Amino acid sequence: MIPKVEQVYPCDDYKIYLYFNDGKVKLYDASHLIEKGVFQKLKDKDFYKERCTVLNNTLAWDLSGNYDPTDCLDLDPLELYKNSIEVADPLEKARLM
């Protein structure tokens, strides 16, 4: 079964917390992407953080600002799942307060 990303939380250092439909929270380092082709748009940290979202059941960056699933940069959810590390939910502390 292909995992689905349900929520994302981007950090300033190009790391992104990914919340999967199996309940796992994983941390993905996207810093290697910013030097490659279409992903160079992510060098703009405002664009990287403001347009980081979930489209097509995976991590994506909304290119148009219209949440159009055909106009985005998205990553394979299976690759994200395999190439990220499982971590504690960083938002859990905030929920408990």
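Residue numbers for the sequence shown follow our numbering, beginning at -6 and rising by one.
Note that CB positions come from ideal geometry on N, CA and C, so glycine has one too.
Only a predicted model underlies this, so the values are computations on that prediction, with no experimental measurement involved.
Exercise. Between residue 27 and residue 74, what straight-line distance do the alpha-carbon atoms span, to the nearest angstrom?
Worked result: When only Cα atoms are considered, residue 27 and residue 74 end up about 19 Å apart.
**Report entry** Per DSSP, cross-strand counterpart(s) of residue 78
**Finding:** Beta-bridge pairing links residue 78 to 20.
Below 7 Å CB to CB, which residues in the same chain sit around residue 53 once its five sequence neighbours on both sides are set aside?
Counting only residues of its own chain and dropping the five nearest sequence neighbours on each side, residue 53 has a CB closer than 7 Å to the CB of 46, 47, 65, 66, 67.
_Run through the DSSP bridge pairs and tell me what residue 48 is partnered with._
The partner list for residue 48 (beta bridge, DSSP) reads 51.
### Query
Is DSSP giving residue 67 helix, strand or coil here?
Strand, per DSSP.
Mapping DSSP to helix, strand and coil, what is residue 8? Three-state result, residue 8: strand.
_Quick check: the Cα distance between residue 82 and residue -6, rounded to an integer number of angstroms?_
Taking C-alpha positions only, residue 82 is separated from residue -6 by approximately 23 Å.
Check your understanding: Do you know whose CA, among 55, 29, 50, 22, lies nearest residue 9's CA?
Key -> Measuring C-alpha to C-alpha distances from residue 9 to each of 55, 29, 50, 22 identifies 22 as the nearest.
For residue 2, three-class secondary structure by DSSP:
Taken through DSSP and simplified to helix, strand or coil, residue 2 comes out as strand.
What's the gap between the Cα of residue 33 and the Cα of residue 6? Cα to Cα, residue 33 sits roughly 15 Å from residue 6.
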